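Sequential numbering from 19 applies to the sequence shown in my numbering. Note that CB positions come from ideal geometry on N, CA and C, so glycine has one too. Quick caveat, the model's predicted, so the values are computed rather than measured. Below is one structure; the comments refer to it alone.
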Amino acid sequence: MTESKHTPSLRSLNWPCGLAHIAVALLVFSSFFHNTPALFWTGCILLLLAGAAKRPQWQAVRPALWPMIPFSLIATASLLWSVAPAESWTFLKREILPPVLIVTLLASYPHPRLLVTATLTAGLAVVLNGFLYSPVLPDVLRDLHKAWSYYDPGVGDLSTVLLFILPLAMLCRPRPGILRVLFLVAWVLGITLVGYLTSNRMFWVSLAIGLLVYTPLSGKLSARQTGFALIGIAAAVFLLSVNTPKSGGLQGDQLAKLESTYTHDVRWQIWQYWAEIIAERPLLGYGYGRDLSADYNHVDKTAHPVSRNPLVSHAHNLLLNVYASLGLPGLMAFAYMIISWIRLFSAGLRHTVSRKSAVAGLLLMTILISKNLTDDFYTRGPLILFWVLLILIYNHMRQRLPQS
């Protein structure tokens with residue numbers, strides 16, 4: 019009788035919680051690499067099973083899902099006027115369905131330890147990507163490196179997901195002591211080192227903007243200290259942004275170098291070219307999918323030499339891509355979704371117990387906006403990781419807010 023009393027049952031093993039942790043680990047890990055759809059869909063299935071086995075908190079889904087509904091409906095409705103409905107359907111399955119699944123499943127199954135799982139998995143992914151991008155590798159590892167290169171996310175996506183995981187350092191730090199210091203140092207160094215290896219200038223610019231937002235919101239510095247910190251952050255990160263390997267460093271005539279790096283960037287010409295593309299269908303756009311706008315427009319390409327540049331496959335700006343795809347209604351719905359989430363996290367700033375979570379959420383939103391000013395990373399891995407972290411941070415904040 020004594021032995022049977024201590025025998026664990028299936029209920030006591032809490033296997034739905036274990037499934038949720040595995041699901042989050044798969045979702046986070048898959049977002050750091052290309053060509054891993056099996057990991058993503060396996061994570062969604064496991065999360066669905068975890069939610070079905072344990073009573074979900076559906077009351078938490080509505081405030082998280084509601085901001086997405088207008089944009090998702092307009093994107094789906096664009097099948098009616100899309101210039102290529104089959105291609106739009108493919109993009110809908112890649113970029114609209116995954117966020118809806120992630121928000122619905124994660125918001126309905128909050129667990130305080132899921133953020134820890136996401137942090138550990140992201141740390142492992144950062145180490146692996148650092149290995150991929152390491153300029154110095156032993157000859158014996160060359161073949162292994164070539165095998166991993168199939169999953170290379172690319173410098174743009176990798177630099178974006180690295181910035182997305184920065185807010186995790188605010189919520190998953192060990193208790194005060196030497197472990198907290200070591201964790202913060204390792205986390206920041208890992209992100210900045212791998213970010214440097216990507217040679218992506220906007221990594222540093224977006225990092226600076228994020229830190230400029232975080233510093234005053236954190237409330238840990240006096241007004242004078244905050245001012246000096248903001249100036250120091252802006253100056254240091256600006257110098258780093260123009261000193262990446264891709265830009266060649268500040269050598270020779272510095273002013274000429276800065277002018278070549280920023281004012282003569284090809285994106286200025288790309289945006290002018292895309293302004294004409296959007297002007298052809300300004301009301302409803304070309305249908306969901308950024309490639310449609312590039313492939314099915316009738317703009318005179320002979321008048322735009324930049325049209326032969328492979329970079330013009332999309333507008334290199336998230337809002338321009340949304341406008342080209344879904345027109346004015348889609349742009350307004352997307353802006354509503356972003357503003358709604360900013361307001362949701364801003365409400366958490368009013369309570370001391372939820373302030374840390376709210377600042378982390380606002381930092382994530384800031385990074386999303388700033389990193390997509392000169393490109394569009396609202397796709398593939400960054401899209402998945404953004405929504406996973408957003409909902410985990412939202413759950414972390416909601417569990418600390420007053421019940422009223």
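Given that a residue counts as buried once 16 or more other Cβ atoms are within 10 Å of its Cβ, and exposed if not, what is residue i?
i: Asp-393; result: buried
i: Ile-295; result: buried
i: Val-144; result: buried
i: Ser-152; result: exposed
i: Arg-368; result: exposed
i: Asn-32; result: exposed
i: Pro-263; result: Bear in mind that a pLDDT of 49 at Pro-263, under 50, signals an unreliable position, so the number given afterwards is only what the model happens to contain. Looking at its Cβ environment, which holds fewer than 16 other Cβ atoms inside 10 Å, Pro-263 is exposed.
i: Ile-196; result: exposed
i: Asp-175; result: buried
i: His-316; result: exposed
i: Gly-270; result: Confidence at Gly-270 is low in this model, with a pLDDT of 44, below 50, so the placement of that residue should be treated as unreliable; the coordinate-derived value is given next. That one is exposed.
i: Pro-300; result: exposed
i: Leu-91; result: exposed
i: Arg-416; result: buried
i: Tyr-396; result: buried
i: Thr-122; result: buried
i: Val-46; result: buried
i: Ala-365; result: exposed
i: Val-203; result: exposed
i: Leu-229; result: buried
i: Ala-226; result: buried
Are the beta-carbon atoms of residue i and residue j separated by less than 7 Å?
i: Leu-57; j: Leu-37; result: no
i: Leu-105; j: Gly-303; result: A small correction: the amino acid at residue 105 is Glu; Leu does not occupy that position in the sequence shown. Not a contact, by the Cβ cut-off of 7 Å.
i: Ala-95; j: Ile-114; result: no
i: Trp-166; j: Ala-187; result: no
i: Gly-379; j: Phe-363; result: yes
i: Val-101; j: Leu-310; result: yes
i: Gly-213; j: Leu-180; result: yes
i: Ile-385; j: Pro-116; result: no
i: Lys-389; j: Thr-178; result: yes
i: Ser-372; j: Leu-408; result: no
i: Phe-89; j: Phe-352; result: yes
i: Leu-333; j: Trp-286; result: According to the sequence shown, residue 333 is Ala rather than Leu. No, the pair does not count as a contact, with Cβ atoms beyond the cut-off.
i: Val-406; j: Ile-87; result: no
i: Ala-312; j: Ser-343; result: no
i: Pro-34; j: Ala-68; result: yes
i: Asn-218; j: Val-173; result: yes
Short of 8 Å in beta carbon distance, which residues of its chain neighbour residue i, apart from the five on each side in sequence? Order them along the chain.
i: Gln-272; result: Note that Gln-272 scores 42 on pLDDT, short of 50, meaning its location in the model is unreliable and no value can be drawn from it.
i: Pro-171; result: Phe-50, Phe-51, His-52, Asn-147, Val-179, Arg-398, Gly-399
i: Lys-374; result: Met-188, Leu-189
i: Leu-349; result: Leu-337, Val-340, Tyr-341
If I measure Cβ to Cβ from residue i and keep anything under 6 Å in the same chain, skipping five residues before and after, which residues do I get?
i: Thr-54; result: Ser-48
i: Val-42; result: Leu-132, Thr-135, Ala-136
i: Pro-26; result: For Pro-26, the predicted model reports a pLDDT of 44, less than 50, meaning its position is unreliable and no value from the coordinates is stated.
i: Ala-274; result: Because the pLDDT at Ala-274 is just 46, under 50, the model does not fix this residue reliably, and the value given afterwards should be weighed accordingly. So the list is empty, once near-sequence residues are dropped.
i: Tyr-232; result: Leu-381
i: Pro-347; result: Ile-92
i: Phe-221; result: Ser-177, Gly-213
Please work out which residues of its chain come closer than 7 Å, Cβ to Cβ, to residue i, disregarding the five sequence neighbours upstream and downstream, and give them in chain order.
i: Leu-207; result: none
i: Trp-99; result: Leu-302, Gly-305
i: Leu-110; result: Ala-93, Thr-94, Tyr-306
i: Ser-224; result: Leu-181, Ile-385, Ser-388, Lys-389
i: Pro-85; result: Tyr-354, Met-355, Ser-358, Trp-359
i: Tyr-169; result: Phe-51, His-52, Asn-53, Thr-54
i: Trp-76; result: Ser-126
Would you say the beta carbon of residue i comes nearer than 6 Å to a heavy atom of the ligand COA?
i: Ala-38; result: This structure lacks the ligand COA; in fact it carries no ligand of any kind.
Would a check of beta-carbon distances place residue i closer than 7 Å to chain C?
i: Tyr-396; result: Given the protein chain composition of this structure (a single chain), no chain C is represented.
Pair every Cβ in the region 406-422 with every Cβ in the region 117-135, then say whether three or more of these pairs are closer than 8 Å.
Under the Cβ criterion (8 Å, minimum of three pairs), the region 406-422 counts as touching the region 117-135.
Spell out a yes or no on whether the region 175-189 and the region 130-141 are touching, meaning 3 or more CB-CB pairs, one atom from each, closer than 8 Å.
yes
Are at least three pairs of beta-carbons, each pair with one atom in the region 76-90 and one in the region 339-359, less than 8 Å apart?
yes
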